[in-house]
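To start, the structure under review is shown below, and the notes come after it.
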Amino acid sequence: MTAWKQGMRQKDKTDRNNQMSQAAVQSQKSDDAWKAKHNALEAKDLAEKQQGWVEKEKLMETNITKKLDETKELEVKFKELQSENQQLEETLQNENQKMNQMEELIHH
């Protein structure tokens, strides 16, 4: 084989290797781009979910605050009703005592 033929074969081999290397680099770049896009979409999805959780947490806090306020109002109302009930019981006892005294007077 002549040196020229050997040189041409070597050049063809080198050209093929270069093409394969370039194809591998392009493939890697494509894979990296896909991964970057995928990661960005995943990050966006997670951010949206987190925002939803934050909004849900705020709503829950608002609802809890409302329930606490309602509970405080009910406690005040309950104490008022207890006081009113106690007054009514005292009035009833007084009236019963008066009735008993009247009955005693009537029977004697």
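Start counting the sequence shown at 0; every next residue gets the next number (numbering that gives the first Met the number 0). Using N, Cα and C, we set each Cβ at its ideal position, and we do this for glycine too.
Exercise for the section: Helix, strand or coil for His107, going by three-state DSSP, please let me know. Expected result: Three-state DSSP puts His107 in coil, outside helix and strand.
Exercise for the section: Consult DSSP for Thr61 and reduce its assignment to one of helix, strand or coil. Expected result: Reduced to three states, the DSSP call for Thr61 is helix.
Handout entry: Glu102 versus Glu83: straight-line alpha-carbon distance, rounded
Key = One alpha carbon belongs to Glu102, the other to Glu83, and they sit about 28 Å apart.
Handout entry: Helix, strand or coil at Thr1 according to DSSP, with G and I counted as helix
Key = Thr1 falls in the coil class under three-state DSSP.
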